[in-house]
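If you read the sequence shown in numbering that gives the first Met the number 0, its first letter stands for residue 0, the second for the next number, and so on.
Beneath this line is the structure, given in structure tokens, with notes to follow.
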Amino acid sequence: MDAAVAPQRERAPVPLLFGTILFLSSELLFFGGLFATYFTLRAQTDPWPPAGAELDTGLSAVATVLLIASSFTFAWSVAQGAKGRRSATAWGTVLTMVLGATFVGIQIYDWTHLDFALSSHPYGTMYYAMTGFHALHVIAGLALMLIVLGRLGQGAYRDRVVHGPDAVAYYWHFVDVVWIGLFAVLFLIR
């Protein structure tokens with residue numbers, strides 16, 4: 000009887016994951032508002048971007064590759080947890096955190112080497128707002144991964160139920176997809 004009940008539990012909605020999806024929906028609206036503001040200002044400001052607003056597209060492309068790679072490493076990490084491979088889950092999470100922290104480090108380097116500031120012009124305001132809020136979300140994701148590591152250290156996920164890491168993975172993948180949109184808008188389309 001236990002074997003017949005287990006598959007039904009697997010398919011049952013998980014409140015944590017449902018809540019995560021609702022939260023991410025609100026985050027989608029938040030970032031959607033930033034994109035809408037950016038495009039509104041872009042339509043009303045000439046020239047866009049203003050002279051002197053040069054960005055290091057190459058360095059940001061490297062950061063983008065690292066962030067995208069971190070999605071794969073974290074997905075692998077969570078999959079290992081579902082197989083009961085707790086050590087691999089820990090190592091995958093640590094690798095993801097290194098990639099994410101490197102991304103944030105590149106962002107900080109970029110901010111400190113730009114020739115314009117937050118208050119220089121509307122483009123500067125939107126650039127710093129969009130990349131800054133995104134960086135805060137990456138840092139929040141790194142903090143959530145620390146919690147996953149702490150829970151692993153406490154013996155969690157031995158039963159191969161990884162709803163917590165799954166929720167963090169949803170968040171992390173969302174943050175990565177948002178960055179792809181930001182990278183395209185801020186660095187490629189301009």
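Backbone N, C-alpha and C define an ideal beta-carbon position, used for all residues, glycine too.
Exposure of residue i, with buried meaning 16 or more beta-carbon neighbours within 10 Å
{"i": "His120", "result": "buried"}
{"i": "Ala62", "result": "buried"}
{"i": "Pro48", "result": "buried"}
{"i": "Thr19", "result": "buried"}
{"i": "Gln153", "result": "exposed"}
{"i": "Ala2", "result": "A caution first: Ala2 carries a pLDDT of 49, below 50, which makes its placement in the model unreliable, though a value can still be read off. It counts as exposed."}
Nearest neighbour of residue i, chosen from the options [CA to CA]
{"i": "Leu244", "options": "Lys82, Asp165, Thr124, Tyr127", "result": "This structure leaves residue 244 out entirely; the chain is present only between 0 and 189."}
{"i": "Ala68", "options": "Ser118, Arg189, Phe132, Ala100", "result": "Ala100"}
{"i": "Asp114", "options": "Gly32, Ala52, Leu66, Gly91", "result": "Ala52"}
{"i": "Leu141", "options": "Ala168, Arg41, Gly18", "result": "Ala168"}
{"i": "Ala219", "options": "Ala128, Phe22, Ser86", "result": "Outside the shown range of the chain, which is 0 to 189, sits residue 219, and nothing can be said about it."}
{"i": "Leu145", "options": "Val93, Asp158, Leu65", "result": "Val93"}
{"i": "His133", "options": "Thr88, Phe34, Gly18", "result": "Phe34"}
{"i": "Gly131", "options": "Leu40, Ser76, Tyr108", "result": "Tyr108"}
{"i": "Val161", "options": "Ala139, Phe182, Leu185, Ser76", "result": "Ser76"}
Span of the alpha helix (DSSP H), counted from its first residue to its last, around residue i
{"i": "Gly31", "result": "14-43"}
{"i": "Asp109", "result": "85-111"}
Reduced DSSP category for residue i - H, G, I as helix; E, B as strand; rest coil
{"i": "Leu65", "result": "helix"}
{"i": "Trp47", "result": "coil"}
{"i": "Leu54", "result": "coil"}
{"i": "Leu187", "result": "helix"}
{"i": "Ala3", "result": "With a pLDDT of 48 at Ala3, under the threshold of 50, the modelled position of this residue cannot be trusted, and the question is left open."}
Mind pulling the beta strand (DSSP E) runs of 3 or more residues that sit fully within the region 115-185?
none
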